[in-house]
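Enquirer: Residue numbers 57 to 368, in my numbering, belong to the letters of the sequence shown in order. For every residue, glycine included, the Cβ atom is placed at its ideal position computed from N, Cα and C. Have a look at the structure that comes next, please.
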Amino acid sequence: MISTNPMSDSRFVTLVRSAFSRFRAELMRSNSFLFDPVWSWMTQLSGSPRPEDYYLKSGSAPILFLPWCLELSLTPAPEAGFQTDLIYASANKYYFVRLVDDVMDGHGADQNLLPMLGIWDAQFQSTYCQYFPPEHSFWDYFHETLARSANVTAREATLTHIDRKLFLECSTAKSCAATIALMAVCCRRDQLDVFPDWLRFWNSFAAWNQMRDDLLDWHRDLQNGIPSYLLSEGERAKRPNESLEDWFFRDGCDWATQVLSEMTQQMKKQARPLNSPAVEQYVDFRAQDLKEEIARINAGVKALTALSSLEL
């Protein structure tokens, strides 16, 4: 059992802190009017006075961690300045994507922050310009990936029913911008041959992570009318005149747990070829964390089921 979050590696944490010191300084220098509301939003996401803690929490997606793991698998001495720049670029892109998602999903994000989108996008792209000239093949992947992400995000907003094929397509494409940093590492180290394995791992993680969110947020999604693969399966599988809540307690939680179990095994399989003990440790850590989350959900389902039978 992995009891320590692999993202607590002191070398990696130092790079993250350094990147966010730069992030704060840049935000304060060029966006003084927006600094307070933007910084407040960022710290609300992290649940701490330091926005970077959001990316270091045990349940965080490894969007900053994987490029570090990739370079560490290629050399015992990753390039600190390059990695700090990757972290800075990825953080800018994450806030861009997160703000758009929160506004589109009605999660209470302040629309007055939307002018920051252009700044975050510029910082994201300009960081890579330091390393790759305009004619470099990196930019082909960069633009193709962003176009794919934008198209699928817009398409997802129109969906009312999501089957497994659509779920896999959307979950991987929506988050594919995270793979740009992985491509950057491969180009920087001239090791493009390893990229397909890392891309396969990311795709398996993205599907697993989205399914986990669908399970943990199923009731909020139902209340807010947000379609998901889990709720779509409920619409298909529930009995006549049965509510989605009743289906979830009867069968839906077990169904989602089984799907996640299969996805966990797939994610572990895709981690093995990466030559990265840190990634395998991360996967084991997240799998154990999910197991504990599901145990808590199952306990709540059993308690509600028992209460319902008493009321009958």
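How far does the alpha helix (DSSP H) with L173 in it reach, from first residue to last?
Expert: It spans 172 to 185 - the alpha helix (DSSP H) in which L173 sits, taken as one unbroken run.
Enquirer: Cβ atoms of L346 and L316: under 8 Å apart, would you say?
Expert: Yes, the Cβ-Cβ distance between L316 and L346 is below 8 Å.
Enquirer: Nearest-angstrom Cα distance between M57 and Y111?
Expert: Residue placement at M57 cannot be trusted, given a pLDDT of 47 that sits under 50; the coordinates are not used to answer.
Enquirer: Taking N280 as the reference, which of A136, D161, R67, L83 has the closest Cα?
Expert: Nearest C-alpha to N280: D161.
Enquirer: So, with DSSP's three-state summary, where would you put S146?
Expert: Residue state, collapsed to three classes: helix.
Enquirer: Per DSSP, what kind of secondary structure is I236 in: helix, strand or coil?
Expert: Three-state result, I236: helix.
Enquirer: Does DSSP put P105 in a helix, in a strand, or in coil?
Expert: It is coil, neither helix nor strand.
Enquirer: How many whole angstroms separate the CB atoms of V153 and A233, which I take to be in contact at a CB cut-off of 8 Å?
Expert: Confirmed, Cβ separation roughly 7 Å.
Enquirer: Looking at C-alpha atoms only, which residue of C242, C226, F91, I119 is the closest neighbour of T131?
Expert: When only C-alpha atoms are compared, the closest one is C242.
Enquirer: Going by alpha carbons, who is nearest to M63 out of W97, A117, Y285, N87?
Expert: Answer by Cα proximity: A117.
Enquirer: Mind pulling the alpha helix (DSSP H) runs of 4 or more residues that sit fully within the segment 320 to 348?
Expert: Fully enclosed alpha helix (DSSP H) runs of 4 or longer: not present.
Enquirer: With a CB to CB cut of under 6 Å and the five nearest residues on each side skipped, what residues in its chain are close to S284?
Expert: Taken in chain order, the residues that qualify are D270, D277.
Enquirer: Would you decide whether R268 is buried or exposed? Buried here means 16 or more other CB atoms lie within 10 Å of its CB.
Expert: Buried, by the Cβ-count rule.
Enquirer: Straight-line CA distance for C309 to L255?
Expert: So the two alpha carbons sit approximately 29 Å from each other.
Enquirer: Taking contact to mean 3 or more Cβ pairs, one atom from each stretch, closer than 8 Å, check whether the segment 132 to 146 and the segment 173 to 189 are in contact.
Expert: In short, these stretches touch, since the Cβ pair count reaches three.
Enquirer: Taking the straight line between their C-alpha atoms, what separation do you get for R106 and E336?
Expert: If you take the alpha carbons of R106 and E336, they lie about 27 Å apart.
Enquirer: Would you call P123 buried or exposed, if buried means 16 or more other Cβ atoms sit within 10 Å of its Cβ?
Expert: Label assigned to P123: buried.
Enquirer: Given a cut-off of 8 Å on the beta-carbon distance, is the pair G290 and F304 in contact?
Expert: Against a cut-off of 8 Å, the Cβ pair of F304 and G290 comes out as a contact.
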